[in-house]
Amino acid sequence: MRNYIAIIRKDSNSDYGVDFPDFQGCISAGATIEEAVTLGREALADHVAVMTEYGEEIPRPTDADTILSSLRNRDDLIALFLAPVPDAKSKSVRVNISVPEA
Numbered sequence: 058m059r060n061y062i063a064i065i066r067k068d069s070n071s072d073y074g075v076d077f078p079d080f081q082g083c084i085s086a087g088a089t090i091e092e093a094v095t096l097g098r099e100a101l102a103d104h105v106a107v108m109t110e111y112g113e114e115i116p117r118p119t120d121a122d123t124i125l126s127s128l129r130n131r132d133d134l135i136a137l138f139l140a141p142v143p144d145a146k147s148k149s150v151r152v153n154i155s156v157p158e159a
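Residue numbers for the sequence shown follow our numbering, beginning at 58 and rising by one.
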């Protein structure tokens with residue numbers, strides 16, 4: 058299982074927003090921090106499922122220090138959390154074989 062960094066942001070007139078630096082375009086939001094975490098994890102799971110379905114490579118997780126050092130604006134940063142993504146399951150393949158009866 059891989060764990061990806063999620064960033065929770067909040068400005069004064071919005072819900073808590075969640076984004077994933079390793080997955081451009083994967084965002085979510087929630088009225089509370091708890092809801093933002095839950096919906097963010099669901100959004101990431103769905104995003105990864107679609108990437109897998111289309112045969113796209115899932116990126117390796119970037120470490121928190123690298124992510125924090127790359128942020129240009131930290132004014133609205135509330136928290137970081139880890140979002141787990143299970144390793145890709147291997148595809149089952151049917152194989153027919155013949156073996157001696159004895």
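Cβ coordinates follow ideal geometry from the N, Cα and C atoms, glycine included.
Distance between beta carbons of residue j and residue i, contact taken as under 8 Å
i    : j    : result
D133 : R66  : 4 Å
A86  : A93  : 6 Å
D76  : P116 : Contact flag wrong, Cβ pair sits at about 15 Å.
D72  : A88  : 5 Å
DSSP state of residue i mapped onto helix, strand, coil
i    : result
L125 : helix
G87  : strand
I135 : strand
A159 : coil
P141 : strand
Reference residue i, options the options, closest by Cα
i    : options                : result
E114 : Y73, H104, A88         : H104
G74  : E158, A159, A136       : A136
N60  : V142, N130, L128, P157 : V142
C83  : D72, S127, I64         : I64
G97  : R151, L139, I154       : L139
D144 : F77, P118, P78         : P118
Q81  : P157, E110, I62        : I62
Where the alpha helix (DSSP H) containing residue i begins and where it ends
i   : result
G97 : 90–110
The beta strand (DSSP E) enclosing residue i, as first and last residue numbers
i   : result
D10 : In this structure the chain extends from 58 to 159, so residue 10 is not present and cannot be described.
I62 : 59–66
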